[in-house]
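Q: Residue numbers (full-length UniProt numbering): 1 to 1274.
Where is the CB? At the ideal position from N, CA and C, for every residue including glycine.
Sharing a structure below in structure tokens format, with a few things to ask.
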């Protein structure tokens, strides 16, 4: 007899005996009998028509003549029937193997269905006498295989066979023999001691106990009020429910040969499982009741692609206790957001493990098994932790042709059942039909640990799935309503957002209906913008490396959310080290453009959203392509700005109209039909010569955007205000004035009539150089220095040669009183005194030369103003080096602040206040050029203020155009030699985009530039080809982690950590663009949001003050007023605001605040922060008149919980003309400094308009404040 141990069934046989149900046990016995029979040993599994019970049993006959069908006969009869005996079943019947395979599959399905029905039945009743549980996972495959083989009649014969008798019920469920007795029939084959068996039972029960503890925690953490989102949504922890029922089934049946200790342990665990099930029942019942209340599903009936969104609704971190969940969040935040190393992550996990143990009393007392399981549930590797959060966005890795002229992309393919990507070995791209193949090698061989070879792309491009990003937005609670409500715009005379612009109002869907007018519950329509830009991934490296970034924004998100970095979709990072050529750019655009095309026609149907559990159809439309000029031309397939026909909007020629033409209305505009015709001809050209000819005619290449039938490249390729106005015109005009560039101030003449000297014959080379240096120095701005420190000028002049000084005085003889014949007798000191006296009388003026308008003294004033301007904290700071004669690199927002705040304040001070006669062109005609330069500068600044306003109107767009035209004309008049640039021409087309798309805050590239800044700060290995992938994947992980708190499946404990993450890792508070520009626009563009309130600002600074006492009570820890002023203040407060007189009882307690946050912007008392206390306000909420004030403090009373603002009002100076009056759009004013005698006033927070910035200057021994409002709403 063959031993079972030789068959490899040591552990498996024990599990079969003790864990299988009765029918399976019978199947196992039959199989064992077959295995140990001599017939089986002689004939094998595939050649027995019937098996005897033992060696002496009668044979079975399967004669076709007598149709015995496997009946038991005598040996004599069997021998007589030998000629008619059926051949081997599997050999005689060709379909036998197919029937055998089908039987095996049927048996497998039958056993699984049996387990499922048993668990389901137990979930509905308390009956514990149910079929036994399914086996352990390690034994299940073996059990099903054995059962399937014996159940097949074509293999084992009929029921009257020995195996059939057992199967037919002799030892069935109704048998009086216990299960344990059946198991003992094979005890002589097992050879396992009782102690070993008991130890195995205890270990198994310990594992069950750990599972039960985890399941109890999961069930207890599930809220009793949890509700489904659609009719057929599964129970949130259905997998855990199945597990607990399976465990209960296993524990409630008696185990074979179990000892009393094992039995007691098992019964206790079974009771725990029953308690968990009882806790589950009301929650499951409530879930089913609420699910049935939902209506039937809305079906996708237009044939759109169905995208499965179930992965966005899967719960994560179930089974972990809240402390462990917080530990995991800490580790993943350090890894993903703080970019901590793996070593730091492992250290954090180990330390957190010790913290948890110490909180449980260790090492003073040992931990229980339950406590040890709790601590060990914390992973030990940070990658394991990150994997549990599902932070990856779906993406495809393309192989990129390394040929710098090709850049063809290749999508991977896969063999059936394999996840290993397969790429072509060589590039087979062919630019022209009859042209040569590229042939560049795409992949390299990488050996694996298993000995196989994997071909890895040499250069890769990761394209992220737009559908996955959109489905992520739709999976967040409340986001669909926010995005749908974007189309519900109230009628208004001004434009606050891109939806108010003319473009989206007229934009039509493919069926001819307005895109914004057809909003149904089961269909969503969203508008997007795209930006393409190039950057250096090695941020501080001197090496020139360029990578590209393709990113999109969903316009339907509210303005205060659409520009968060976590809501920006990074479609991919174009690999470096250089930008792809214009012809190859389409390869990187096609993956995202193809997805956009699918979203338009016929759309994408998402299987489930947070609001529509049955699914919803989504239509997307790309509305704006916004880039800087070089990237815009390359992306759109247009000619560069150096081409003869340089403009993407009109047919202006660089030779005819030029960059400086102001005939805006006379330019012939480009059309969509022209673009489509040119791009098709370019694509159809068969040679490079033909393409060049087509391009020169149409100045158009074929672009991937040509696939989008609705996309009009000339209307949608917008001029970016950030690059055009701030990094373009403002920066260039600052250089014209001589700001921010390196220059030699000693060689610039400040005199109205430049001097010239003729060297004497016989002068040495040293005398020539000394004379040239003296000539340069004497013409520099010296009047102020002579007045303040004449000795300094004397010392400098004393360094020059006597001969040079003498020659200078001789040249000036007609302008100085010098006696004839006395020059040669004069000493060096005499000559210096004559030159200084002459220099005092010489007027100085601003130069009309480009790059040298402001002299060194003017730049010194600018440098001082940069340090002395009083401004709010959110306004971007500038480097003091901007006032020096050196090259300065500023960011776009710094140029914006410089041009609209610092520059006008400085020019007003140095050209109007400190030199009031400089603008008097009648008395001093030489200053006419200075006035022209000032007017030219103010035209530009006012145009920028209008263009960047928080709101827009059609007449404001026209006003911007007129101001920009005036700027260009005055610039040409003031500087005849100035050469205009492409930005000058494109700035005029910006007026068209203001009408089409509304205020620039809703569509400019600041958010995309902020994304680039965040990407550059991600640590990498600086290896090109690898860092691009690291940057893209890391950015998506950080975005998904930030959005984790908005997920419907987020653990409940994380709601308490969301405010911490918002404060430390929010993308809104880490960039000056957001704290500056976007806060200003949001102050007037939307109502205050609850999530934007900073409660700490109000609560931490609040304190109760008793004002009933006559003692000197401070309103805060710094501010103090006389008792009479306070009494008058509070009397006015209650009489004017509440209509009731002040009483001691009603105002005993006054809460005083030093700061107040309104719409994300902080306002403070002047003692807390002076810049934050300077405000523009209106006398009432409906007034548009700007008043100027300084906040003293904020208060609230027990009678009124509303906050009130206590301030002092500034008065305007009436003795001098307002220097800002000729430039009304600056909203500037000349104010008198405050003193304590100015009355206190009370206003409501709603009356605050904005902050203002100012300088303090001394004019005629008076302290004056030239001030400019920071409001950008007209």
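In terms of DSSP beta bridges, what is residue 1158 paired with?
A: Numbered from its first residue, the chain shown carries residue 1158 at position 1158. Answer is 1161, bridged to residue 1158.
Q: Out of 761, 856, 876, which has the shortest C-alpha to C-alpha gap to residue 883?
A: Position 883 of the chain shown holds residue 883. Nearest C-alpha to residue 883: 856.
Q: Does the distance from the C-beta atom of residue 549 to that of residue 535 stay below 8 Å?
A: Here the question's residue 549 lines up with position 549 in the chain shown. Here the question's residue 535 lines up with position 535 in the chain shown. In this structure, residue 535 lies closer than 8 Å to residue 549 by Cβ.
Q: Since I believe residue 718 is in contact with residue 626 (beta carbons under 8 Å), could you give me their beta-carbon distance rounded to a whole number of angstroms?
A: The residue given as residue 626 occupies position 626 in the chain shown. The residue given as residue 718 occupies position 718 in the chain shown. At roughly 5 Å, the Cβ-Cβ gap stays under 8 Å, so residue 626 and residue 718 are in contact.
Q: Taking all protein chains shown into account, decide if residue 446 is buried (16 or more other Cβ within 10 angstroms of its Cβ) or exposed.
A: Your numbering for residue 446 matches position 446 in the chain shown. With fewer than 16 other Cβ atoms within 10 Å, it is exposed.
Q: Straight-line CA distance for residue 1006 to residue 563?
A: One-based indexing of the chain shown puts residue 1006 at position 1006. One-based indexing of the chain shown puts residue 563 at position 563. Cα to Cα, residue 1006 sits roughly 9 Å from residue 563.
Q: How long is the line joining the alpha carbons of residue 721 and residue 990, rounded to whole angstroms?
A: Within the chain shown, residue 721 is the residue found at index 721, counting from 1. Within the chain shown, residue 990 is the residue found at index 990, counting from 1. If you take the alpha carbons of residue 721 and residue 990, they lie about 8 Å apart.
Q: Name the residue from 576, 356, 391, 475 whose alpha carbon lies nearest to the alpha carbon of residue 1027.
A: Residue 1027 sits at position 1027 when you count from the first residue of the chain shown. The shortest Cα separation from residue 1027 among 576, 356, 391, 475 belongs to 576.
Q: Between the region 614–623 and the region 683–697, are three or more C-beta pairs nearer than 8 Å?
A: No: fewer than three Cβ pairs fall under 8 Å.
Q: Could you give the distance in angstroms between the alpha-carbon of residue 1013 and the alpha-carbon of residue 560?
A: As a first step, residue 1013 is located in the chain shown; it is residue number 1013 there, counting from the start. As a first step, residue 560 is located in the chain shown; it is residue number 560 there, counting from the start. For residue 1013 and residue 560, the distance between alpha carbons rounds to 19 Å.
Q: With distances taken Cα to Cα, identify the nearest neighbour of residue 890 among 877, 1202, 1041.
A: Residue numbering aside, residue 890 sits at position 890 when the chain shown is read from its first letter. The option with the nearest alpha carbon to residue 890 is 877.
Q: How many angstroms separate the CA atom of residue 532 from the CA atom of residue 735?
A: As a position in the chain shown, residue 532 is number 532, starting the count at 1. As a position in the chain shown, residue 735 is number 735, starting the count at 1. Between residue 532 and residue 735, the C-alpha separation is close to 28 Å.
Q: Within 10 angstroms of the Cβ of residue 320, are there 16 or more other Cβ atoms? Answer buried if so, exposed if not.
A: As a position in the chain shown, residue 320 is number 320, starting the count at 1. Answer is buried; the Cβ neighbour count reaches 16.
Q: Can you tell which of 673, 647, 674 has its C-alpha closest to the C-alpha of residue 661?
A: Taking the first residue of the chain shown as 1, we reach residue 661 at position 661. Closest option to residue 661, Cα to Cα, is 647.
Q: With 16 as the cutoff for other CB atoms within 10 Å, does residue 528 come out buried or exposed?
A: The residue labelled residue 528 in the question sits at position 528 within the chain shown. By the 10 Å Cβ count, residue 528 comes out buried.
Q: If we count the other Cβ atoms within 10 Å of its Cβ and call it buried at 16 or more, is residue 407 buried or exposed?
A: Along the chain shown, read from residue 1 onward, the residue named residue 407 stands at position 407. Residue 407 comes out buried.
Q: Just the C-alpha distance for residue 764 and residue 798, rounded to the nearest angstrom, thanks.
A: The residue given as residue 764 occupies position 764 in the chain shown. The residue given as residue 798 occupies position 798 in the chain shown. Going by the C-alpha atoms only, they are around 19 Å apart.
Q: To the nearest angstrom, report how far apart residue 1194 and residue 1155 are at their CA atoms.
A: For the purposes of this step, residue 1194 is taken as residue 1194 along the chain shown, with counting starting at 1. For the purposes of this step, residue 1155 is taken as residue 1155 along the chain shown, with counting starting at 1. Answer to the nearest angstrom: the Cα atoms are 7 Å apart.
Q: In chain order, what are the residue ranges of uninterrupted beta strand (DSSP E) at least 3 long that sit wholly in the region 426–469?
A: Whole beta strand (DSSP E) segments, 3+ residues: 443–447, 453–457, 460–464.
Q: Skipping 5 residues on each side, what residues in its chain have a beta carbon closer than 7 Å to that of residue 850?
A: Mapped onto the chain shown, residue 850 falls at position 850. If we look at residue 850 and ignore the five residues flanking it on each side, its Cβ neighbours are 736, 975, 977, 978.
Q: Between the C-alpha atoms of residue 1256 and residue 1239, what's the straight-line distance to the nearest angstrom?
A: For the purposes of this step, residue 1256 is taken as residue 1256 along the chain shown, with counting starting at 1. For the purposes of this step, residue 1239 is taken as residue 1239 along the chain shown, with counting starting at 1. If I take the Cα positions, the gap works out to 21 Å.
Q: Spatial neighbours of residue 909 within its chain, please: C-beta separation below 8 Å, excluding the five flanking residues on both sides.
A: Residue 909 sits at position 909 when you count from the first residue of the chain shown. 861, 865, 1255, 1257, 1266, listed in sequence order.
Q: Taking the beta strand (DSSP E) that residue 1257 belongs to, which residues open and close that run?
A: Residue 1257 sits at position 1257 when you count from the first residue of the chain shown. Run containing residue 1257: 1257–1259, per the beta strand (DSSP E) assignment.
Q: Based on the DSSP output, what are the partners of residue 1229 in its beta bridges?
A: In the chain shown, residue 1229 corresponds to position 1229, counting from 1. Residue 1229 is bridged to 1267.
Q: Say whether the region 398–415 touches the region 362–370, bearing in mind that this needs 3 or more beta-carbon pairs closer than 8 Å, one atom from each stretch.
A: Output reads no: the region 362–370 does not touch the region 398–415.
Q: Just list the alpha helix (DSSP H) runs in the region 614–648, keeping only unbroken ones of 4 residues or longer that don't cross its boundaries, in chain order.
A: With a minimum length of 4 residues, the continuous alpha helix (DSSP H) runs that stay inside the region 614–648 are 629–636.
Q: Taking 6 Å as the limit between beta carbons, can you name the residues of its chain near residue 1065, skipping five residues before and five after?
A: Reading the chain shown from its first residue, position 1065 is the one you call residue 1065. Around residue 1065: 337.
Q: With distances taken from CA atoms, which of 1243, 1192, 1185, 1241 is nearest residue 1275?
A: The structure shown does not extend to residue 1275, since the chain is modelled only from 1 through 1274, so no value can be given for it.
Q: DSSP on residue 1175, reduced to helix/strand/coil?
A: Residue 1175 sits at position 1175 when you count from the first residue of the chain shown. It is a strand residue.
Q: Quick one: Cα of residue 1176 to Cα of residue 1248, how far?
A: On the chain shown, residue 1176 is found 1176 positions in, with the first residue counted as 1. On the chain shown, residue 1248 is found 1248 positions in, with the first residue counted as 1. Straight-line Cα distance between these residues: approximately 6 Å.
Q: Quick check on the DSSP output: the beta strand (DSSP E) that includes residue 1241 runs from which residue to which?
A: Position 1241 of the chain shown, counted from the start, is the residue given in the question as residue 1241. 1240–1243 is the extent of the beta strand (DSSP E) around residue 1241.
Q: Quick one: is residue 434 buried, meaning 16 or more other Cβ sit within 10 Å of its Cβ, or exposed?
A: Taking the chain shown and counting its residues from 1, the one referred to as residue 434 is at position 434. By the neighbour-count rule (16 or more Cβ atoms within 10 Å), residue 434 is not buried but exposed.
Q: According to DSSP, simplified to helix, strand and coil, what is residue 1050?
A: Locating residue 1050 in the chain shown gives position 1050, counting from the first residue. It is coil, neither helix nor strand.
Q: Check whether the Cβ atoms of residue 757 and residue 805 sit closer than 8 Å, and answer yes or no.
A: Along the chain shown, read from residue 1 onward, the residue named residue 757 stands at position 757. Along the chain shown, read from residue 1 onward, the residue named residue 805 stands at position 805. The answer is no: Cβ separation not under 8 Å.
Q: Compute the Euclidean distance between the alpha carbons of residue 870 and residue 1004, then round it to the nearest angstrom.
A: Translated into the one-based positions of the chain shown, residue 870 becomes position 870. Translated into the one-based positions of the chain shown, residue 1004 becomes position 1004. Answer to the nearest angstrom: the Cα atoms are 28 Å apart.
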